[in-house]
Amino acid sequence: MRVGVFALQGDVREHLLILSKLGVDTLEVRNATALNEIDSLILPGGESTTMSKLIDIFDLRKPLQEFIVSGKPVFGTCAGMIMLASNVVDSAAGQQSLNAMDISVQRNAFGSQLDSFEATVSFAGQDAKVAFIRAPKVLEAGDGVEVLSKLEDGSIVAVRQKNLLATAFHPELTGDSSVHSYFLGMAQS
Ligand code: GLN
Numbered sequence: 001m002r003v004g005v006f007a008l009q010g011d012v013r014e015h016l017l018i019l020s021k022l023g024v025d026t027l028e029v030r031n032a033t034a035l036n037e038i039d040s041l042i043l044p045g046g047e048s049t050t051m052s053k054l055i056d057i058f059d060l061r062k063p064l065q066e067f068i069v070s071g072k073p074v075f076g077t078c079a080g081m082i083m084l085a086s087n088v089v090d091s092a093a094g095q096q097s098l099n100a101m102d103i104s105v106q107r108n109a110f111g112s113q114l115d116s117f118e119a120t121v122s123f124a125g126q127d128a129k130v131a132f133i134r135a136p137k138v139l140e141a142g143d144g145v146e147v148l149s150k151l152e153d154g155s156i157v158a159v160r161q162k163n164l165l166a167t168a169f170h171p172e173l174t175g176d177s178s179v180h181s182y183f184l185g186m187a188q189s
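Anchor point for the sequence shown: position 91 equals 91 in my numbering, and the numbering is continuous, going up by one each time.
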């Protein structure tokens, strides 16, 4: 099994590192050909506005949407979650998501860079140590969306809809591999 990490922008290296620690074969995805060579894909954290522009510059919008529709697992972290959402609140001018999951997310919902924090969250019933960096929040989730993690104040921060997983937080920056293991489990089932 080979996991691709979308590599035009964002914290690609950290995801590759954790995947290789888990013993999985990886590929940096920068073009449509690479999408044919992977079994699942991670859209990393970074900056969703820039990601949206680069996706169009590199003609990757349609190939990415086709990959998603094919049913192969896709995991969006932070900016990657924003890219998967069907509705983005506080989006930048011209920013376009991939419109794949039935969720409405608010960008920068936890405040500015200064409001970044680490937290232990309950994710799919297990504790996971994760980082929130200018993180989005899920404001609404459709009927087909399973909520996998909520903060104490009720904020929804991880969701799954069929083959799609999205977290508002970064699971790749704290050395905790449990969320990636969950994603690899999706790829194997
Ligand atoms: N706030 C960023 C955005 O809108 C996401 C931040 C992140 O991925 N760490 O894309």
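We treat Cβ as the ideally placed atom computed from N, Cα and C, and that holds for glycine. None of these values were measured; they are calculated from a predicted model.
Item checked: Residue range of the unbroken alpha helix (DSSP H) whose run includes Glu14 -> Residues Val12 to Lys21.
Checklist line | Reference Pro136, options Phe67, Lys129, Ala187 and Gly76, closest by Cα | finding: Comparing Cα positions, the closest option is Gly76.
Margin query: Please report whether the beta-carbon of Asp56 lies at a distance below 7 angstroms from any beta-carbon of chain D.
Written below: Although the question refers to chain D, the structure presented lacks it and comprises just one protein chain.
Check: Could you give the C-beta distance for Met101 and Ala85, rounded to a whole number, given that I count them as a contact under 8 angstroms?
Finding: Yes, they are in contact, since the Cβ atoms of Met101 and Ala85 sit about 6 angstroms apart, within 8 angstroms.
Check: Under 6 angstroms from any heavy atom of the ligand GLN, does the C-beta of His119 make it?
Finding: According to the sequence as given, residue 119 is Ala; it is not His. The nearest non-hydrogen atom of the ligand GLN is 6 angstroms or more from the C-beta of Ala119.
Checklist line | Delimiting residues of the beta strand (DSSP E) encompassing Gly4 | finding: Arg2 to Phe6 is the extent of the beta strand (DSSP E) around Gly4.
Check: Which residue or residues does DSSP assign as beta-bridge partners of Val24?
Finding: As far as DSSP is concerned, Val24 takes part in no beta bridge.
Next item on the list: Given a cut-off of 7 angstroms, decide if Ala32 and Pro63 are closer than it, judged by their beta-carbon atoms.
Entry: Cβ distance < 7 angstroms, so Pro63 and Ala32 count as in contact.
Item checked: Beta-ladder partner(s) of Asp127, from DSSP -> Answer is Ser122, bridged to Asp127.
Notebook entry, point to check: Whose C-alpha, out of Leu16, Asn99, Ala131 and Gly111, is nearest the C-alpha of Ala61?
Noted result: According to the sequence as given, residue 61 is Arg; it is not Ala. Per the Cα distances, Asn99.
Note to self: Do Ser149 and Ala198 have their beta-carbon atoms positioned less than 7 angstroms apart in this structure?
What the structure shows: Because the chain is modelled from 1 through 189, residue 198 falls outside the range shown and cannot be assessed.
Checklist line | C-beta contact flag for Ala109 and Glu118 at 7 angstroms | finding: Not in contact: Ala109 and Glu118 (Cβ atoms no closer than 7 angstroms).
Note to self: Using a 10 Å radius around the Cβ and a threshold of 16 neighbouring Cβ atoms, would you call Ile18 buried or exposed?
What the structure shows: By the Cβ neighbour-count rule, Ile18 is buried, with 16 or more other Cβ atoms within 10 Å of its own.
Check: Does DSSP put Arg61 in a helix, a strand or coil?
Finding: Assignment of Arg61 by DSSP, reduced to helix, strand and coil, places it in the helix class.
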